[in-house]
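One structure below.
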Amino acid sequence: MFILSFKDFTGGYVAFFFACHSYITDITDDSSRTKRMAFLDGIFPIGFLMGLGLSGIIKKKLGFTYCFSLAIVTSWSSILYTIFFIKERNSSEDQVDNTDDNSTTQSANNKVKKEPIWKMFKIQHFQAGVKSTLKRREHDLKKYLLFLILIFMLELFLYGGKGSVMFLYLRKRFKWTEIDFSQFMIVFGIQGLVSQYFVIPFLSHKLKWRDGTIILIAVGGNIIAGFMFTFANVSWLVYVAGIVSFLGAAISTLLRSLISKCIESDEIGKVFSVIASGQAVIFMIASPIYSLVYKATLDFFPGLVFLVTSCLYSIVGFLAIYLYFGLKKVENSRKNAHELREEELLNRN
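Going by the working numbering, the first residue of the sequence shown is number 1127, and it counts up by one from there.
If you want it as structure tokens, here you go:
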């Protein structure tokens, strides 16, 4: 356990995905970002859930040594791929900001100043992230950004919490073994792959659906799935619940995409760092809270924890509806402002 804790000194998987999401946001535009985010986030649930599923089989058939050996091999493969194939951006791209006189141009190609590695621990970095998150924005975007972050944290809490007690519940309710649960997680992982790599890109990139619309559908599916988990009396209904909530794994993807569209390009790392810090805290408290609730209700209503999850997802749904109309209003305001500037330029000419 002591050796395992060393990975947390560098931020662990939270810092890893924070860097990945910031990088993807930096190299994409608004029209393709949701699709690219889906491709990235599709790797995590597939890898995690399939790894979780296979771990039970490998541990039972071969032992713990093979489980950890597989983890070491995949980790080193990722490190080598990053070193030799991922190109880090050393200069920022030219940015042109249209103002009333259409004359503000910010050029880049400036060399990135490299800082000593120890400076990443400075508290000023976190303070800058908080300031960027809370700063005033046009069209009342600050309010919507904070609501997006709130929904994101709620989603992480619910996703992490229910996952921590799912096997315990299924083992008690349907007498599932590790093999049964592993098979379910593999199916669930494949379903997540289809959702992130095919459904989300199709809805967002091809059909041009708003991120908010897809979020509402996904949240609705999670609400129904929670009720099905709670009252299911046969094990096949668990699989049906997984199908109903097939877009659920994409909620965090869509929220990250929406958040990135509410901030400037030079604020991505700052705001995402604040979100990553909150994410680390949420995952620390989600599992213990869910475990306490499950233990307290185990004797008289073991499925209550999933019923509570559905109720909390209902709150997420109401917040998502409010954001849907709010961000639509912001989009229309931006469009009207842009048309007004173009009209003024034509009149001047």
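The beta-carbon is built from N, C-alpha and C at its ideal position, and this holds for glycine as well.
Can you tell me whether residue i is buried or exposed? The criterion is at least 16 other CB atoms within 10 Å of its CB, across all chains shown.
{"i": "residue 1272", "result": "exposed"}
{"i": "residue 1202", "result": "exposed"}
{"i": "residue 1302", "result": "buried"}
{"i": "residue 1167", "result": "buried"}
{"i": "residue 1160", "result": "buried"}
{"i": "residue 1281", "result": "buried"}
{"i": "residue 1422", "result": "exposed"}
{"i": "residue 1348", "result": "buried"}
{"i": "residue 1394", "result": "buried"}
{"i": "residue 1224", "result": "Low confidence applies to residue 1224: its pLDDT is 43, below 50, so where it sits in the model is not reliable, and the reading given next is rough at best. Exposed is the call here."}
{"i": "residue 1295", "result": "buried"}
{"i": "residue 1292", "result": "buried"}
Report the residue from the options whose alpha carbon sits nearest the alpha carbon of residue i.
{"i": "residue 1286", "options": "1341, 1414, 1391, 1387", "result": "1414"}
{"i": "residue 1213", "options": "1152, 1189, 1268", "result": "1152"}
{"i": "residue 1260", "options": "1451, 1388, 1428, 1211", "result": "1388"}
{"i": "residue 1447", "options": "1270, 1302, 1354, 1461", "result": "1270"}
{"i": "residue 1373", "options": "1350, 1176, 1361, 1467", "result": "1350"}
{"i": "residue 1149", "options": "1163, 1194, 1139", "result": "1163"}
{"i": "residue 1141", "options": "1461, 1399, 1166", "result": "1399"}
{"i": "residue 1182", "options": "1326, 1411, 1304, 1395", "result": "1304"}
{"i": "residue 1443", "options": "1362, 1396, 1343", "result": "1343"}
{"i": "residue 1364", "options": "1306, 1284, 1192", "result": "1306"}
{"i": "residue 1155", "options": "1467, 1473, 1384, 1450", "result": "1384"}
{"i": "residue 1332", "options": "1147, 1207, 1251, 1157", "result": "1157"}
{"i": "residue 1477", "options": "1353, 1180, 1417, 1457", "result": "Outside the displayed range of the chain (1127 to 1475) lies residue 1477, so it cannot be described from this structure."}
{"i": "residue 1453", "options": "1339, 1467, 1319", "result": "1339"}
{"i": "residue 1289", "options": "1405, 1431, 1386, 1189", "result": "1431"}
Return the chain-ordered list of same chain residues with a C-beta closer than 8 Å to the C-beta of residue i, the five sequence neighbours on each side being excluded.
{"i": "residue 1459", "result": "1265"}
{"i": "residue 1143", "result": "1170, 1402"}
Alpha carbon to alpha carbon, how far is residue i from residue j?
{"i": "residue 1298", "j": "residue 1434", "result": "19 Å"}
{"i": "residue 1369", "j": "residue 1341", "result": "16 Å"}
{"i": "residue 1138", "j": "residue 1465", "result": "46 Å"}
{"i": "residue 1376", "j": "residue 1317", "result": "11 Å"}
{"i": "residue 1256", "j": "residue 1462", "result": "30 Å"}
{"i": "residue 1254", "j": "residue 1324", "result": "37 Å"}
{"i": "residue 1208", "j": "residue 1474", "result": "51 Å"}
Using a Cβ-Cβ cutoff of less than 6 Å, which residues in the same chain neighbour residue i once the five nearest sequence positions on both sides are dropped?
{"i": "residue 1397", "result": "1258, 1259, 1389"}
{"i": "residue 1429", "result": "1356"}
{"i": "residue 1379", "result": "1163, 1164, 1167"}
Can you find the residues in the same chain that come closer than 7 Å, C-beta to C-beta, to residue i, ignoring five residues on each side of it along the sequence?
{"i": "residue 1283", "result": "1408, 1412"}
{"i": "residue 1327", "result": "1161, 1164"}
{"i": "residue 1457", "result": "none"}
For the ligand NAP, is there a heavy atom less than 7 Å away from the beta-carbon of residue i?
{"i": "residue 1405", "result": "Annotation note on the ligand NAP: not contained in the displayed structure, which lists no ligands."}
Compare the C-beta of residue i against all C-beta atoms of chain D and say whether one is closer than 8 Å.
{"i": "residue 1451", "result": "Judged by its chain identifiers, the structure shown contains no chain D, having just a single protein chain."}
- Query: Three or more C-beta pairs closer than 8 Å, one from the segment 1189-1208 and one from the segment 1348-1363: is that the case here?
  - Reply: no
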